[in-house]
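Protein chains in written order, with this note's numbering: chain A, 2 to 239; chain B, 2 to 239.
Beta carbons are placed, not taken as given, at the ideal position from N, Cα and C, and that holds for glycine.
Remarks on the structure that follows.
2 protein chains.
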Amino acid sequence: MIKHTWNTIRDELVEDIRSGRLSAGDKLPTEPQLAERFSIGRHSVRKALEALAREGRLSIEQGRGTFVEALPRLTYTIGKRTRLRRNLIPQGVTVEGKLVEANRIVAPDFVAKALLLNPSAKVTESQRITLANDLPVAFGASYHCAERFPEFVERRDVLGSTTETYRTYGIQDYFRLKTTVHSRPSRPEESKTLKQHPDVPVLVVNAIDALPDGTPLSCSRVIWSAARVTFTMEQTDE
Amino acid sequence: MIKHTWNTIRDELVEDIRSGRLSAGDKLPTEPQLAERFSIGRHSVRKALEALAREGRLSIEQGRGTFVEALPRLTYTIGKRTRLRRNLIPQGVTVEGKLVEANRIVAPDFVAKALLLNPSAKVTESQRITLANDLPVAFGASYHCAERFPEFVERRDVLGSTTETYRTYGIQDYFRLKTTVHSRPSRPEESKTLKQHPDVPVLVVNAIDALPDGTPLSCSRVIWSAARVTFTMEQTDE
DNA sequence: GTTCATTTGTGCGTATGTATA
DNA sequence: TTATACATACGCACAAATGAA
Numbered sequence: 002m003i004k005h006t007w008n009t010i011r012d013e014l015v016e017d018i019r020s021g022r023l024s025a026g027d028k029l030p031t032e033p034q035l036a037e038r039f040s041i042g043r044h045s046v047r048k049a050l051e052a053l054a055r056e057g058r059l060s061i062e063q064g065r066g067t068f069v070e071a072l073p074r075l076t077y078t079i080g081k082r083t084r085l086r087r088n089l090i091p092q093g094v095t096v097e098g099k100l101v102e103a104n105r106i107v108a109p110d111f112v113a114k115a116l117l118l119n120p121s122a123k124v125t126e127s128q129r130i131t132l133a134n135d136l137p138v139a140f141g142a143s144y145h146c147a148e149r150f151p152e153f154v155e156r157r158d159v160l161g162s163t164t165e166t167y168r169t170y171g172i173q174d175y176f177r178l179k180t181t182v183h184s185r186p187s188r189p190e191e192s193k194t195l196k197q198h199p200d201v202p203v204l205v206v207n208a209i210d211a212l213p214d215g216t217p218l219s220c221s222r223v224i225w226s227a228a229r230v231t232f233t234m235e236q237t238d239e
Numbered sequence: 002m003i004k005h006t007w008n009t010i011r012d013e014l015v016e017d018i019r020s021g022r023l024s025a026g027d028k029l030p031t032e033p034q035l036a037e038r039f040s041i042g043r044h045s046v047r048k049a050l051e052a053l054a055r056e057g058r059l060s061i062e063q064g065r066g067t068f069v070e071a072l073p074r075l076t077y078t079i080g081k082r083t084r085l086r087r088n089l090i091p092q093g094v095t096v097e098g099k100l101v102e103a104n105r106i107v108a109p110d111f112v113a114k115a116l117l118l119n120p121s122a123k124v125t126e127s128q129r130i131t132l133a134n135d136l137p138v139a140f141g142a143s144y145h146c147a148e149r150f151p152e153f154v155e156r157r158d159v160l161g162s163t164t165e166t167y168r169t170y171g172i173q174d175y176f177r178l179k180t181t182v183h184s185r186p187s188r189p190e191e192s193k194t195l196k197q198h199p200d201v202p203v204l205v206v207n208a209i210d211a212l213p214d215g216t217p218l219s220c221s222r223v224i225w226s227a228a229r230v231t232f233t234m235e236q237t238d239e
């Protein structure tokens with residue numbers, strides 16, 4: 002009924018990983034070697050490897066080879082009180098959020114809309130990347146009104162915590178007002194930043210944080226590796 | 002620097018769609034025709050079409066041809082009180098949820114765990130499919146303890162509403178206890194059911210509904226077309 | 001109901017480009 | 001610089017699904 006020659010090698014590799022014959026970091030045979038071993042064409046080998054790379058099981062690197070990935074899916078909780086550290090540390094992975102770049106710019110369209118600013122307002126943009134076990138899982142930017150939160154990035158960088166930084170502006174409490182999630186194919190720069198195969202899609206998360214009365218404080222747009230995260234929403238009233 | 006011959010045709014088609022030269026439902030030239038027009042190989046044509054199909058912009062159908070898709074992304078709100086109709090109707094799309102199949106089975110592992118049942122307990126399984134403008138956007142199953150909710154499927158089918166059905170068991174209120182979302186490549190049957198290209202990923206949503214005191218009532222696992230939905234989480238206290 | 005033309009799907013072979021060590 | 005290994009691209013052949021004759 003079905004041909005799918007390439008599935009033979011795909012299944013073989015999955016079984017090798019499952020059984021432990023291949024483990025994280027191992028280098029696979031080269032494409033021509035696999036082609037010969039399974040008596041199929043190199044195109045079919047590539048199709049099988051590509052399918053596994055899309056699931057995040059393999060990392061294919063031009064000029065180096067193809068390697069087995071660890072594939073530990075992180076769980077990230079979205080809720081009324083979203084806090085990064087509380088979210089990821091419980092699972093025993095080392096998580097690091099790094100500030101990559103900070104700018105003072107005219108508010109992009111979606112930012113002005115989210116923060117209810119006029120289109121020419123200035124905002125601070127903080128670009129951050131999140132690494133879990135030294136592997137990038139997400140990157141993106143958050144935006145704050147420059148007038149209302151002068152030096153936000155600098156204070157945030159010193160204090161190391163968004164909650165603490167808000168306190169310096171007299172804000173004792175804030176919450177996640179709105180979050181949207183959708184999936185799309187990754188763009189070349191994105192797959193490069195996330196160090197993942199170009200065919201692995203990304204999850205785009207747009208969010209708005211606000212005061213208890215609903216006044217928006219900041220918004221963010223974060224790109225997650227679709228293969229490396231599971232989102233959870235729990236409705237506990239903390 | 003880079004060749005990427007196939008991007009020429011990709012960009013051309015995107016522009017054709019954007020400008021309106023191609024609109025939803027239109028049939029594209031055949032692959033050999035496109036190959037000749039752009040003076041590239043058929044493989045490159047296929048790579049371009051595949052990329053557009055992954056975004057949900059094209060529908061590629063063996064034996065028929067390749068067509069432009071409408072690409073209206075639905076917005077589905079996940080919150081404390083998740084109700085399908087309230088969710089989708091506001092956007093002016095016709096939504097239809099159909100019961101496909103109902104069974105009385107021994108609780109699968111993940112169901113027993115979610116509903117706190119012992120592994121040999123019986124549950125009712127309701128398989129449903131959701132169509133928006135006659136296009137499938139999601140399908141999946143929900144599970145109820147057969148002992149606690151006898152004839153659940155039958156009553157639900159007659160009443161047409163889950164909320165109403167719960168009332169017949171004396172349950173006046175329930176809420177969404179937990180929701181998880183992750184992305185993965187679609188399996189062949191899934192892409193067939195969703196009538197989408199095999200390379201479009203799916204979003205897997207697992208959910209548990211419960212009584213106000215936290216007692217689980219039901220759980221579900223729904224497969225969404227990743228190209229056709231955006232999830233939103235709003236933290237309004239209704 | 002069967003046949004047949006059309007169109008996409010799968011697979012092989014080959015050549016050449018490009019990143020890595 | 002050189003060798004290795006993956007990336008892109010062309011051409012060809014045949015399989016499988018569709019729809020119309």
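Taking 7 Å as the threshold (beta carbon to beta carbon), is residue i in contact with chain B?
| i | result |
| --- | --- |
| A/Phe140 | no |
| A/His198 | no |
| A/Glu235 | yes |
| A/Phe232 | yes |
| A/Glu16 | no |
| A/Thr180 | yes |
| A/Ala36 | no |
Which residue from the options puts its Cα closest to that of residue i?
| i | options | result |
| --- | --- | --- |
| B/Val96 | B/Glu165, B/Val203, B/Trp225 and B/Ala133 | B/Ala133 |
| A/Leu72 | A/Arg65, A/Leu59 and A/Ile79 | A/Leu59 |
| B/Lys99 | B/Ser127, B/Ile172, B/Asn8 and B/Glu152 | B/Ser127 |
| A/Ser24 | A/Asn207, A/Arg105 and A/Phe68 | A/Phe68 |
| A/Val101 | A/Ile130, A/Val94, A/Arg74 and A/Leu29 | A/Ile130 |
| A/Val15 | A/Leu50, A/Leu75, A/Arg177 and A/Ser45 | A/Leu50 |
| A/Thr78 | B/Trp225, B/Ser226, B/Lys179 and B/Arg157 | B/Lys179 |
| A/Gly141 | A/Glu191, A/Arg74 and A/Pro120 | A/Glu191 |
| A/Glu70 | A/Phe111, A/Ala36, A/Gly80 and A/Asp135 | A/Asp135 |
| A/Gln197 | A/Val138, A/Thr9 and A/Arg19 | A/Val138 |
| A/Ala52 | B/Leu75, B/Ser187 and B/His5 | B/Ser187 |
| B/Thr181 | A/Arg19, A/Gln34, A/Arg74 and A/Ile18 | A/Arg74 |
| B/Ala103 | B/Gln63, B/Asp158 and B/Leu118 | B/Asp158 |
For a test of the three-state rule: what should DSSP assign to residue i, helix, strand or coil?
| i | result |
| --- | --- |
| A/Ser127 | strand |
| A/Tyr144 | strand |
| A/Tyr167 | helix |
| B/Ile10 | helix |
| B/Ile41 | coil |
| B/Asp210 | strand |
| A/Glu190 | helix |
| A/Val112 | helix |
| B/Ile224 | strand |
| A/Lys48 | helix |
| A/Leu53 | helix |
| A/Arg177 | strand |
| B/Glu239 | Summary for B/Glu239: the model assigns pLDDT 43, below 50, so the residue's position carries little reliability; its value from the coordinates is reported in the next sentence. Three-state DSSP puts B/Glu239 in coil, outside helix and strand. |
| B/Arg157 | helix |
| B/Val94 | coil |
| A/Arg22 | coil |
| B/Ala36 | helix |
| B/Glu70 | coil |
Kindly indicate if chain A contains any beta-carbon less than 7 Å away from that of residue i.
| i | result |
| --- | --- |
| B/His183 | yes |
| B/Met2 | Bear in mind that the predicted position of B/Met2 carries a pLDDT of just 48, short of 50, making it too unreliable to give a figure here. |
| B/Ala71 | no |
| B/Arg67 | Sequence inspection shows Thr at residue 67 of chain B; the Arg mentioned does not correspond to that position. Output row for B/Thr67: interface = no. |
| B/Ile79 | yes |
| B/Pro137 | no |
Excluding sequence positions up to five away, which residues of its chain have a Cβ less than 6 Å from the Cβ of residue i?
| i | result |
| --- | --- |
| B/Glu13 | none |
| A/Thr125 | Arg105, His145, Ala147, Phe153 and Val154 |
| B/Ala122 | Ala108 |
| B/Gly26 | none |
| B/Gly66 | Lys28 |
| B/Thr194 | Phe140 |
| B/Ser226 | Val138, Leu195 and Gln197 |
| A/Ala54 | Ile61 and His198 |
Leaving out five residues before and five after residue i in sequence, what residues of the same chain have Cβ atoms less than 7 Å from its Cβ?
| i | result |
| --- | --- |
| B/Pro189 | Pro199 |
| A/Lys48 | Trp7 |
| B/Glu32 | Arg43, Val46 and Arg47 |
| A/Arg185 | Pro202, Val203 and Val205 |
| A/Glu302 | Look at the range of chain A in this structure, 2 to 239, and you will see that residue 302 of chain A is not part of it. |
| B/Tyr170 | Phe150 |
Residues in the same chain with beta-carbon distance under 8 Å from residue i, minus the five sequence neighbours each way, listed in chain order, please.
| i | result |
| --- | --- |
| A/Ala36 | Gly42, Arg43, Ser45 and Val46 |
Three-pair Cβ contact test at 8 Å for the stretch 210-225 of chain A versus the stretch 37-49 of chain A | no
Worksheet item: Are three or more beta carbon pairs between the stretch 216-230 of chain A and the stretch 136-148 of chain A nearer than 8 Å?
Response: yes
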